[in-house]
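For reference, the structure is listed below as structure tokens.
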Amino acid sequence: QSALPEILKAPQSFYDETIETLERQAMLCYNQLIVIPGLKPVLPQGAMYMMVEIDTKLLKFESDVDFANKLLSEESVATLPGQVG
């Protein structure tokens, strides 16, 4: 909290460049995922995460939890499955 006054003194260009970088990275992720059969990403609108619908039948996984567990164990990529219940 004590750093807040100094952070707010940053020039506008800092914020503009940060937003541009985040938007560019989001588009990069989206464009890489959209071409993979069975994955349907949702382009973030200001969020720092990306929701991706997974066609578990097409990709031959039991569930999104199964997909998340295998992605973690095989590729060391951590995700949060959206399964409810």
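Counting from 1, position 41 in the sequence shown corresponds to residue 54 in the working numbering; the numbering is continuous, with no gaps. For every residue, glycine included, the Cβ atom is placed at its ideal position computed from N, Cα and C. If you're wondering where the values come from, they're calculated on a predicted model, not measured in any experiment.
**Prompt:** Name the DSSP bridge partner or partners of methionine 64?
**Reply:** Val55
**Prompt:** Looking at leucine 56 and tyrosine 43, is the spacing between their C-beta atoms short of 7 Å?
**Reply:** The answer is yes: Cβ separation under 7 Å.
**Asked** Measuring CB to CB, does alanine 81 end up less than 7 Å from threonine 92?
**Response** yes
**Message:** With the cut-off set at 7 Å, would you say methionine 63 and proline 50 are in Cβ contact?
**Reply:** no
**Message:** Going by DSSP in three states, phenylalanine 80 sits in which element: helix, strand or coil?
**Reply:** helix
**Separation of tyrosine 28 from valine 65, as counted between CA atoms** = 27 Å
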